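Engineer: Line by line, the protein sequences give chains G and R.
First residue of the first sequence: 511, per our numbering; consecutive thereafter.
First residue of the second sequence: 511, per our numbering; consecutive thereafter.
Beta carbons: idealized from backbone N, C-alpha and C, even for Gly.
These numbers come from a predicted model, not from an experiment.
I have a structure here, written as structure tokens, and I will follow up with some questions on it.
There are 2 protein chains.
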Amino acid sequence: MLDPLESLRERGLPVTAQRIAVLRAVSGRPHGTADDLAEDVRREIGTISRQAVYNALGTLAEHGLIRRIQPSGSAARYEDRVGDNHQHLVCRSCGKMVDVDCAPGETPCLDVVDDAGYEIDEAEVVYWGTCPKCLKAR
Amino acid sequence: MLDPLESLRERGLPVTAQRIAVLRAVSGRPHGTADDLAEDVRREIGTISRQAVYNALGTLAEHGLIRRIQPSGSAARYEDRVGDNHQHLVCRSCGKMVDVDCAPGETPCLDVVDDAGYEIDEAEVVYWGTCPKCLKAR
DNA sequence: TCAACTTCTGGACTTTGTCAAGAAGTTGAT
DNA sequence: ATCAACTTCTTGACAAAGTCCAGAAGTTGA
């Protein structure tokens with residue numbers, strides 16, 4: 511990914527140690543939860559408040575530097591792969607999440623028969639299944 | 511929908527007043543949260559514990575009598591339209607959720623390039639946007 | 001009617017996240 | 001380098017959604 515500092519400057523966001531560390535943490539642990547990331551950040555810069563982590567994640571997501579995913583029944587997760595339209599595959603049994611690429615060029619079912627007057631801006635796809643490990647354990 | 515009592519019997523589930531009432535409540539309030547439904551149930555049968563509501567919702571969902579949807583940043587919701595592959599459209603601003611039908615016959619992007627060894631059983635699609643009311647309010 | 005099993009109740013507890021107020025840091029202009 | 005204006009961070013309280021547990025009650029099939 512781009513240099514965190516540059517990424518922030520580019521968008522006119524004030525640069526803080528917390529934001530840089532959070533950005534690095536997301537980069538280093540794709541699909542991490544806010545808690546996971548807070549731990550990583552603490553390992554890097556000593557301490558950070560929970561609120562600062564949520565603030566940073568929220569701001570970064572809002573400005574398109576990271577992407578927030580929230581699968582059913584689990585805390586929100588974050589990743590820095592943005593803008594490439596990949597989707598996610600989640601194990602029902604252990605919660606493990608992996609990236610999947612859709613058939614290239616195909617946007618999944620974006621044609622809605624009746625949009626009920628909504629202005630649609632995003633389609634989020636989550637595939638549910640069982641991961642190899644959990645399949646074996648059955 | 512089918513008679514609640516019959517639906518439970520068919521699946522060999524013990525029939526309890528709570529389950530019947532929860533099933534009815536889901537039927538009568540599509541996209542309701544556990545709390546919404548608990549209120550409806552109390553109106554019908556007097557009292558029910560929170561745990562019983564969660565138990566019933568969990569069991570019913572597990573046996574395919576209802577479907578659980580969990581949009582980002584909101585409590586889980588339940589509906590009794592099952593088995594017809596419709597999807598959901600959620601307002602980013604007020605959280606209102608409506609059903610949408612995909613182009614008939616098309617299963618959305620179920621061809622995954624690399625399934626990472628997972629056994630995929632469901633693709634969940636959530637459309638994000640702004641509802642007519644919130645569009646007007648801007 | 002009875003025994004075995006499952007579910008329900010009630011309360012404590014956990015997780016995930018938000019709110020608010022004051023302290024500290026960041027930025028751009030001087 | 002310094003200063004004012006603004007934003008962010010810290011701390012602690014709070015809230016929502018759900019889970020865990022143990023004992024009471026209900027359900028089912030024999």
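Span of the alpha helix (DSSP H) holding aspartate 546(R)?
Structural biologist: Residues 544-555.
Engineer: Which two residues bound the contiguous beta strand (DSSP E) that contains alanine 633(R)?
Structural biologist: Unbroken beta strand (DSSP E) run through alanine 633(R): 629-640.
Engineer: Would you please state the rounded distance, in angstroms, between the beta carbons of leucine 547(G) and arginine 539(G)? I believe it to be under 8 Å.
Structural biologist: That pair is a contact at about 7 Å.
Engineer: Name the residues in the segment 521-548 of chain R whose C-beta lies less than 7 Å from a C-beta of chain G; which are they?
Structural biologist: Going along the segment 521-548 of chain R in chain order, one finds no residue with a Cβ nearer than 7 Å to chain G.
Engineer: Does the beta carbon of glutamine 561(G) come closer than 8 Å to any beta carbon on chain R?
Structural biologist: With 8 Å as the cut-off, glutamine 561(G) does not count as an interface residue toward chain R.
Engineer: Hey, quick one: how far does the beta strand (DSSP E) through leucine 599(R) stretch, first residue to last?
Structural biologist: It spans 597-601 - the beta strand (DSSP E) in which leucine 599(R) sits, taken as one unbroken run.
Engineer: Which residues of chain R have a Cβ atom closer than 8 Å to the Cβ of glutamate 632(G), listed in chain order?
Structural biologist: Within 8 Å Cβ-Cβ: Tyr637, Trp638 and Gly639.
Engineer: Cβ of leucine 645(G) less than 8 Å from any chain R Cβ?
Structural biologist: Chain R contact via Cβ: present.
Engineer: When you compare only the Cα positions, how much space is there between asparagine 595(G) and aspartate 611(G)?
Structural biologist: Cα to Cα, the separation comes out at about 8 Å.
Engineer: What does tyrosine 588(G) pair with, by DSSP beta-bridge criteria?
Structural biologist: For tyrosine 588(G), which the question treats as bridged, DSSP gives the partners Gly542(G) and Arg578(G).
Engineer: Return yes when the Cβ of leucine 533(R) is within less than 8 Å of the Cβ of serine 517(R), no when it is not.
Structural biologist: Closer than 8 Å, so yes.
Engineer: Nearest-angstrom Cα distance between glutamate 634(R) and asparagine 565(R)?
Structural biologist: About 23 Å.
Engineer: Could you check the C-alpha separation between alanine 535(R) and glycine 556(R) for me, to the nearest Å?
Structural biologist: Taking the straight line from one Cα to the other gives about 13 Å.
Engineer: Given that valine 500(R) touches chain G, what residues does it touch there, using C-beta distances under 9 Å?
Structural biologist: The structure shown does not extend to residue 500(R), since chain R spans only 511 to 648, so no value can be given for it.
Engineer: Is alanine 599(G) near tyrosine 637(G), with beta carbons less than 8 Å apart?
Structural biologist: The question names alanine, but residue 599(G) is leucine in the sequence shown. Going by C-beta atoms, leucine 599(G) is nearer than 8 Å to tyrosine 637(G).
Engineer: Check this for me: beta carbons of serine 603(R) and threonine 640(R), under 8 Å apart or not?
Structural biologist: Cβ atoms of serine 603(R) and threonine 640(R): closer than 8 Å.
Engineer: What residues of chain G sit near cysteine 601(R), judged by a beta carbon separation below 8 Å?
Structural biologist: Ordered by position in chain G, the residues that pass the 8 Å Cβ test against cysteine 601(R) are Tyr628.
Engineer: Determine the DSSP secondary structure at valine 525(R), reduced to helix, strand or coil.
Structural biologist: Three-state result, valine 525(R): coil.
Engineer: Counting only beta-carbon separations shorter than 8 Å, does alanine 586(G) have a partner in chain R?
Structural biologist: By this cut-off, alanine 586(G) is an interface position.
Engineer: Compute the distance between the beta-carbons of methionine 607(G) and arginine 577(G), then report whether it is under 8 Å.
Structural biologist: No, they are not a contact pair.
Engineer: From the DSSP output, which residues share a beta bridge with valine 608(G)?
Structural biologist: Paired residue(s): Leu599(G).
Engineer: For arginine 578(R) and chain G, any beta-carbon pair shorter than 8 Å?
Structural biologist: Closer than 8 Å to some Cβ of chain G, the Cβ of arginine 578(R) qualifies, so yes.
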